[in-house]
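**Student:** Below you will find the structure I want to go over with you.
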Amino acid sequence: MTTAQTMAIIHGLLDNMKVVMDGGEVSTSAIQWNLIYLNLMEDTSYNARSGDQFQKDARGWISPPDPSKNHIIARRGHHSESSVWFTHGNTFNKWIAAGSLLWICGNLGSGKYGKQE
């Protein structure tokens, strides 16, 4: 329910109450119907907001992880002397001279990117 709709209902209720207070007659059923309508619109509005939040949460749960977060963590964990043993070693020099492919593999967290804390 929009603010304008809520305000219109509230003004309608106030007008009815003013008539009653001034000695005029307004049926209580008109006031009751306005209150029921106001409660119904409030419930509908709440359910719509809850549904929107649920959809937002669900999208967050099923969305793939942001790779930039892992990249940033890896960059922060980099040490200036990482891999020096390898790049200055015999195996690397043979590989670089031959122009061969070198496959580096390992389990998650085994230090392929450098030490991460």
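Reading the sequence shown from the start, the letters are residues 1 to 117 in UniProt numbering. Glycine included, every Cβ here is placed at the ideal spot set by N, Cα and C.
Kindly give me the distance between the Cβ atoms of Ile104 and Lys112, rounded to whole angstroms, as I take these residues to be in contact under 8 Å.
**Tutor:** Residue 104 sits at position 104 when you count from the first residue of the sequence shown. Residue 112 sits at position 112 when you count from the first residue of the sequence shown. Between Lys112 and Ile104 the Cβ distance is about 6 Å, and since that is below 8 Å, they are a contact.
**Student:** Any idea what DSSP makes of His79, helix, strand or coil?
**Tutor:** What you label residue 79 is simply residue 79 of the sequence shown in a count that begins at 1. When secondary structure is reduced to three states using DSSP, His79 falls in the coil class, being assigned neither helix nor strand.
**Student:** On the three-state DSSP scale, how would you describe Ile104?
**Tutor:** Locating residue 104 in the sequence shown gives position 104, where the first residue counts as 1. Reduced to three states, the DSSP call for Ile104 is coil.
**Student:** Nearest-angstrom Cα distance between Ser82 and Pro64?
**Tutor:** What you label residue 82 is simply residue 82 of the sequence shown in a count that begins at 1. What you label residue 64 is simply residue 64 of the sequence shown in a count that begins at 1. Ser82 and Pro64: Cα-Cα distance of roughly 30 Å.
**Student:** Would you say Ile9 and Asn34 are within 7 Å of each other, going by their C-beta atoms?
**Tutor:** As a first step, residue 9 is located in the sequence shown; it is residue number 9 there, counting from the start. As a first step, residue 34 is located in the sequence shown; it is residue number 34 there, counting from the start. In this structure, Asn34 lies closer than 7 Å to Ile9 by Cβ.
**Student:** Helix, strand or coil for Lys112, going by three-state DSSP, please let me know.
**Tutor:** Here residue 112 is taken as the residue at index 112 of the sequence shown, counted from 1. DSSP places Lys112 in coil when its eight states are reduced to three.
**Student:** Kindly indicate which three-state DSSP category Leu13 falls into: helix, strand or coil?
**Tutor:** What you label residue 13 is simply residue 13 of the sequence shown in a count that begins at 1. Residue state, collapsed to three classes: helix.
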